[in-house]
Amino acid sequence: QKLSKMKVSFDDYRNKYALQKNLITTLETTEANLADEKLKSAEVSLIGEEEKVADLAGIYVESSRAELITKIFEVESTMIEASSSQFRNAIVEGLDEDKE
Numbered sequence: 012q013k014l015s016k017m018k019v020s021f022d023d024y025r026n027k028y029a030l031q032k033n034l035i036t037t038l039e040t041t042e043a044n045l046a047d048e049k050l051k052s053a054e055v056s057l058i059g060e061e062e063k064v065a066d067l068a069g070i071y072v073e074s075s076r077a078e079l080i081t082k083i084f085e086v087e088s089t090m091i092e093a094s095s096s097q098f099r100n101a102i103v104e105g106l107d108e109d110k111e
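Yeah, the sequence shown ends on 111 if you go by our numbering, and it's all consecutive.
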C-alpha cells in the first residue's frame, strides 16, 4: 500500500513537472514573439522618423513604393541625360578649339 501511494505521488509529480515544462515552453515562445513584435515596432517608428527628415514638405507621404522607385529612375535618367549633354558639349567645344 505504501508502494502504491509512492507510485501515485510520483506520477502526480511527473505530471505536474510535464505541465510546468509545457507552461515554461509556452511562456518562452510568447516572450520571444513579443520581443520580435517590439523590435519590429521600433524599426517602423525609426523608419517613420527617417522618412520625415527625408521628406520635410510631405510631398511623397502618400506615394507607394513603386511610385517612389519610378520617381527615382526618372530623376536618375534626367541626371544622366544632362551629364551626357554637358559632356558632348565639352567635347564639341574642345574639338572647335583644336580647329582654331
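C-beta: ideal position from N, C-alpha, C; glycine also.
In this text the structure is predicted, and so the values were computed from the model without any measurement.
Please state whether DSSP places residue i in a helix, a strand or coil.
i: Ala68; result: coil
i: Glu73; result: coil
i: Gln12; result: coil
Alpha carbon to alpha carbon, what distance is there between residue j and residue i?
i: Arg76; j: Lys82; result: 10 Å
i: Lys124; j: Gln12; result: Because residue 124 is not part of the residues shown, which for the chain are 12 to 111, the question remains open.
i: Asn107; j: Leu79; result: For the sequence presented, residue 107 should be read as Asp rather than Asn. Near 42 Å, if we compare the C-alpha coordinates of Leu79 and Asp107.
i: Asp22; j: Lys16; result: 10 Å
i: Leu34; j: Ala43; result: 14 Å
i: Glu61; j: Leu30; result: 47 Å
i: Val64; j: Val103; result: 42 Å
i: Glu48; j: Ser74; result: 26 Å
i: Glu72; j: Thr36; result: Reading off the sequence, residue 72 comes out as Val, not Glu. Those two C-alpha atoms are separated by around 42 Å.
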